[in-house]
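Protein chains: 2
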Amino acid sequence: MDYETFELGDITLQSGTTLPSAQLAYKTFGTLNAAKNNAIVYPTWYSGQHTENEWLIGAGKALDPEKYFIIIPNMFGNGLSTSPSNAKAPRERGNFPGITLYDNVRQQHRLVTERFGIETLALVVGWSMGAQQTYQWAALYPEMVQRIAPFCGSAKTSRHNFVFLEGVRAALTTDAAWAGGWYQAPPEKGLRAMARVYAGWGFSQAFYRQKLDLSLGFASLEDFLVGFWENLFLSRDAGNLMAMLWTWQNGDISANELYHGDFERALGAISAKAIVMPGQTDLYFPPEDNEYEVAHMPNAEFRPIPSVWGHCAGCMGINPADGKFIDDALKELLAR
Amino acid sequence: MDYETFELGDITLQSGTTLPSAQLAYKTFGTLNAAKNNAIVYPTWYSGQHTENEWLIGAGKALDPEKYFIIIPNMFGNGLSTSPSNAKAPRERGNFPGITLYDNVRQQHRLVTERFGIETLALVVGWSMGAQQTYQWAALYPEMVQRIAPFCGSAKTSRHNFVFLEGVRAALTTDAAWAGGWYQAPPEKGLRAMARVYAGWGFSQAFYRQKLDLSLGFASLEDFLVGFWENLFLSRDAGNLMAMLWTWQNGDISANELYHGDFERALGAISAKAIVMPGQTDLYFPPEDNEYEVAHMPNAEFRPIPSVWGHCAGCMGINPADGKFIDDALKELLAR
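Just so you know, the protein sequences line up as chains A and B, in that order.
Residue 6 is where the first sequence starts when you use my numbering, and the numbers rise one by one after that.
Residue 6 is where the second sequence starts when you use my numbering, and the numbers rise one by one after that.
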């Protein structure tokens, strides 16, 4: 195991459900300084784990472990933190409760404060659902979060994004082997269908038009659909995917006792210095939603990633130019 | 029955397969004049039938039966022309062969010439896959087709569009009840999943952002997903949907003995006066593909429909402003 675990105990979720013996899996990089003011929180994304965040960390990069203490908390449902695949009865598998952005960030806050005694964060940063958690951090703990850099994600899941996810969910759950989450063997057919549904959304029309899938080393479009997309989803647990999808579909940083659904007020409370980076051609977190958010945030800059890689402009640096664009912005933001 | 049938006999498809006792169902409006030069062909779209084309026809509209003789040929696979649901053995249901745009248009040409003795067409017009057939008409019979107005469709199915359709196909066929097309009862679960996949593609992000689904009389987003989308696909035959999807995925006006896959040459052969109208926010037939096509067509104008209704900017006039935009363009084109 290349990560550590924070025992949360029995936690009460926003829904009023108790999650027994909950755990937060996390990994850190670098050293917390004496002033405890060099910490960065970098949450994970849909289906991803901490290892898949590491591409943005390294010597010479903005997230340099020589300078910063970087904490990657694994999102609930991702298979490492408490998830359908590892939860204790009676909340395992098909009985796993809905967990919100708020639930995730509240428990990450406990990790940061209780385990490390950190009271200020130099930066919160994340991609996709990691961006959503980033927004949630800044809205829940504005006095604590100095800077945020959400990329390819929004503070609230849009209605269109919700519909896209309905298609993903429907494709997986149409496989009878899914069995409401109580499958004997992985619902492979459903996972493959889900992958094919996802494939059209994950990259832009221009990406496919320019045959950039082939530039990734695949021999044909079908080879890409199987070798990249099906391979990705077959490596995940179906129940975990559905749990995180619930979190995503219900994403709204204002859906809590602080803001009571007043989205604009939650955005207005984000005092952190922010650079918000949508992918210019992202099909499900389109720039327009971020533009609206930034207009309601007091210290935010809207800076689209000029890329045809769609949502994957933020994906693990697979397009090096996009990765550099993001890293450059993080350097600039950390220097402010 | 509100339509007529043209008996094609046993036809040889482009694939080398014989389709026995094939039929073309069609409906006409207005009267063919003595000079036989007032005919318009108006093919159907994915899953649609002739009745769903009629919104664009009427007194005072461009397609005015007082002036024109309008023929709506039903596409193969749509349940009226030869389709999985009505084909003769051994080519019925799960054994139904792949039928191309070329196959469709070749047989429509027989209808127009053999039954009606028509040698010139004032206009070919169509939405979506109807637009694809429109392009195919103009590329196969350039001397015959005076004008074309393809809207929300392309002359070749793009790679991204193909991937979108893979998601649709995967969602339906993941239902075990599909049974490779040999279902006992309709694969309802698969049809509903397919509908939910389709929902995110059919309208734009902005459409959902502006809650235009509710403007159509639905009480909520979920109400729209069931009442509009699931209702639409549950009313169709699954095998027919998969047959037309094959036609769509393989759409390419140059994939025939005239052009041998030379797409630009096929476009260059389209001498018809053309107004090409993509939906400005269409997610699977995006304007960029049409822009490329128009640049290779000698007499074509690129005129996007300024609409947030996505692909459905061309859909049965459900947004009256878009319907008027299209009708106005048709009037202008017919006057040229």
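Yeah, the Cβ is synthetic: ideal placement off N, Cα and C, and Gly gets one too.
Can you list, in chain order, the residues of the stretch 166-180 of chain A whose Cβ is nearer than 9 Å to any Cβ on chain B?
-> Cβ contacts with chain B: 166, 167, 168, 169, 170, 171, 172, 173, 174, 175, 176, 177, 178, 179 and 180.
Alpha helix (DSSP H) containing residue 227 of chain A: first to last residue?
-> 226-229
Whose C-beta lies closer than 8 Å to the C-beta of residue 37 of chain B among residues of the same chain, with five residues either side of it excluded?
-> 43, 44, 74, 121 and 123
Residue 132 of chain A - DSSP class collapsed to helix/strand/coil | strand
Report, in whole angstroms, the separation of the C-beta atoms of residue 332 of chain A and residue 67 of chain A, which I expect to be a contact under 8 Å.
-> 5 Å
Out of curiosity, what's the CA-to-CA distance linking residue 86 of chain A and residue 258 of chain B?
-> 52 Å
Three-state secondary structure (DSSP) at residue 148 of chain A?
-> coil
Just grab the DSSP bridge partners of residue 282 of chain B for me.
-> B/156
Could you please give me the residues that DSSP links to residue 31 of chain B through a beta bridge?
-> B/9 and B/78
Step through the CB atoms of chain B and report whether any lies within less than 9 Å of the CB of residue 253 of chain A.
-> no
Using a Cβ-Cβ distance under 9 Å, would residue 312 of chain B count as near chain A?
-> Answer no: the Cβ-Cβ gap between residue 312 of chain B and chain A never drops below 9 Å.
When the distance is taken between beta carbons, is residue 293 of chain A closer than 9 Å to residue 214 of chain B?
-> yes
Could you confirm whether any beta carbon from chain A is found closer than 9 Å to the beta carbon of residue 242 of chain B?
-> For residue 242 of chain B, the closest Cβ of chain A is not nearer than 9 Å.
Residue 306 of chain B - DSSP class collapsed to helix/strand/coil | strand
Identify the contact partners of residue 25 of chain B in chain A, using a Cβ-Cβ distance below 7 Å as the criterion.
-> Going along chain A, no residue has its Cβ under 7 Å from residue 25 of chain B, so there is no contact; the nearest lies around 31 Å.
Given a limit of 9 Å on CB to CB distance, which residues of the stretch 201-216 of chain A reach chain B?
-> 201, 202, 203, 204, 205, 206, 208, 209, 210, 211, 212, 213, 214 and 216
Classify residue 26 of chain B as helix, strand or coil using the three-state DSSP reduction.
-> strand
Name, in chain order, the residues that DSSP records as bridge partners for residue 68 of chain A.
-> When beta bridges are read from the DSSP output, residue 68 of chain A appears opposite A/62.
Apply the 10 Å Cβ neighbour rule to residue 218 of chain B and answer buried if 16 or more other Cβ atoms are within range, or exposed otherwise.
-> buried
Chain-ordered neighbours of residue 291 of chain B on chain A, where CB pairs are closer than 8 Å | Those within 8 Å of residue 291 of chain B in chain A are 210.
Apart from the five residues just before and just after residue 256 of chain A, which ones in its own chain have a Cβ nearer than 7 Å to its Cβ?
-> 106, 137, 161 and 162
Residues of its chain near residue 143 of chain B, where Cβ-Cβ distance is below 6 Å and the 5 sequence neighbours each way are ignored = 150, 153, 275 and 277
Would you give the residue range spanned by the alpha helix (DSSP H) that residue 117 of chain A belongs to?
-> Premise fails: residue 117 of chain A is in no alpha helix (DSSP H) and is neither H nor E.
So what does residue 14 of chain B bridge to, in DSSP terms?
-> B/27
Give the secondary structure of residue 327 of chain A by DSSP, where H, G and I count as helix, E and B as strand, and everything else as coil.
-> helix
What does residue 44 of chain A pair with, by DSSP beta-bridge criteria?
-> A/74
What are the start and end residues of the alpha helix (DSSP H) that includes residue 292 of chain B?
-> Note, residue 292 of chain B: alpha helix (DSSP H), 292-300.
Test: residue 294 of chain B CB closer than 9 Å to a CB of chain A | yes
Would the beta-carbon of residue 58 of chain A fall within 9 Å of that of residue 51 of chain A?
-> no
Could you tell me whether the Cβ of residue 159 of chain B comes closer than 9 Å to any Cβ of chain A?
-> Taking Cβ atoms only, chain A never reaches closer than 9 Å to residue 159 of chain B, which makes this a no.
Flag this pair as yes or no: are the beta carbons of residue 198 of chain B and residue 243 of chain A separated by less than 9 Å?
-> no
Where are the alpha helix (DSSP H) runs, 4 residues long or more, that stay fully inside the stretch 191-227 of chain A, in chain order?
-> 193-207, 210-214 and 217-220
Who are the neighbours of residue 99 of chain B on chain E, taking C-beta pairs under 9 Å?
-> As a matter of chain content, chain E is missing from the structure shown, whose protein chains are A and B.
Answer yes or no: do residue 342 of chain B and residue 155 of chain B have a C-beta to C-beta separation smaller than 9 Å?
-> For chain B, the structure presents residues 6 to 341; residue 342 of chain B sits outside this window and is missing.
Residue 249 of chain B vs residue 80 of chain B beta-carbon contact at 9 Å = Closer than 9 Å, so yes.
Nearest CA to the CA of residue 33 of chain A: which residue from A/14, A/102, A/71 and A/251?
-> Of A/14, A/102, A/71 and A/251, the residue nearest in Cα terms is A/71.
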